[in-house]
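Residue 9 is where the sequence shown starts when you use our numbering, and the numbers rise one by one after that. Here the structure comes first, spelled out in structure tokens, and everything after it is commentary.
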Amino acid sequence: MVAVNISADDLLRYDLPDRLRSIVDETGANTSLLTLEVTEGRLMTNMASGMEVISRLRLMGFNFSVDDFGTGYSNQEKLRRLPFDEIKIDRSFVSGAIDNPTLRAIVDSNISLAHALGMRVVAEGAESEADCALLRSLACDEVQGFYYCRPVPSAQLIAWKTEWEAANVRD
């Protein structure tokens with residue numbers, strides 16, 4: 009699975025589905041393995057205008073994620089109407105949730121709500137084994153953060169992945 013950030017403004021471009029389809033066809037990629045991430049705050053302001061483009065991309069098999077969830081202007085009505093597959097809980101809620109009951113409650117309620125709506129949940133900002141353990145206990149689907157890897161240049165990604173897999177293989 010590969011996730012790519014796109015601008016909410018891109019969702020206003022009616023040629024976007026055709027352009028992405030062309031790229032996918034040229035590379036032989038599988039749209040079901042591609043997730044398009046849109047930042048929540050920008051998405052919510054342009055949602056009505058972009059629904060046609062989102063719908064066309066969904067019909068092509070692209071997955072969608074609401075990035076930085078919780079930092080924008082979401083409400084339950086908008087979340088209900090979004091044809092998205094996952095939410096990414098912003099690091100500002102995840103980092104420190106292990107020691108902060110308020111943050112923990114926010115993370116827990118967002119995970120529960122997303123699951124009830126049939127969405128997957130990715131938590132950003134896991135910086136320790138304790139963060140990861142908390143997120144596992146709350147049934148978070150995936151975790152991102154410095155605990156696993158700091159950002160690396162694309163040229164170093166394959167080497168990092170190979171090293172990580174070798175170090176984390178379990179018998």
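For every residue, glycine included, the Cβ atom is placed at its ideal position computed from N, Cα and C. Since we're looking at a predicted model, the values are computed, not measured.
Rounded C-alpha distance that separates residue i from residue j
i              : j                 : result
methionine 127 : leucine 90        : 10 Å
glutamate 150  : glycine 69        : 21 Å
aspartate 107  : alanine 147       : 18 Å
isoleucine 95  : alanine 11        : 12 Å
valine 177     : threonine 170     : 11 Å
valine 160     : tryptophan 172    : 13 Å
leucine 65     : aspartate 33      : 14 Å
cysteine 140   : phenylalanine 154 : 11 Å
serine 63      : isoleucine 114    : 30 Å
Cβ pair residue i, residue j closer than 7 Å
i                : j                 : result
phenylalanine 77 : isoleucine 97     : yes
leucine 87       : phenylalanine 101 : no
glycine 58       : leucine 28        : no
Member of the options whose CA lies at the smallest distance from the CA of residue i
i            : options                        : result
serine 15    : Leu125, Asp107 and Val61       : Val61
methionine 9 : Thr39, Arg21, Leu28 and Asp26  : Thr39
valine 130   : Leu42, Leu44, Gln152 and Thr47 : Gln152
aspartate 75 : Arg66, Leu67, Leu65 and Phe92  : Phe92
Neighbourhood of residue i by C-beta distance below 7 Å, restricted to the same chain and skipping five residues each side
i          : result
serine 103 : Gly133 and Glu135
Cβ neighbours of residue i in the same chain (closer than 6 Å, five flanking residues each side left out)
i          : result
leucine 24 : Asp18 and Val61
Spatial neighbours of residue i in its chain, beta-carbon cut-off 8 Å, leaving aside the 5 residues before and after
i             : result
histidine 123 : Val129 and Ala147
**Asked** Counting only runs that start and end within the region 119-149, where is the beta strand (DSSP E) found for 3 or more residues in a row?
**Response** 128-131
**Message:** Which complete beta strand (DSSP E) runs does the region 18-54 hold, if anything under 3 residues is left out?
**Reply:** 42-47
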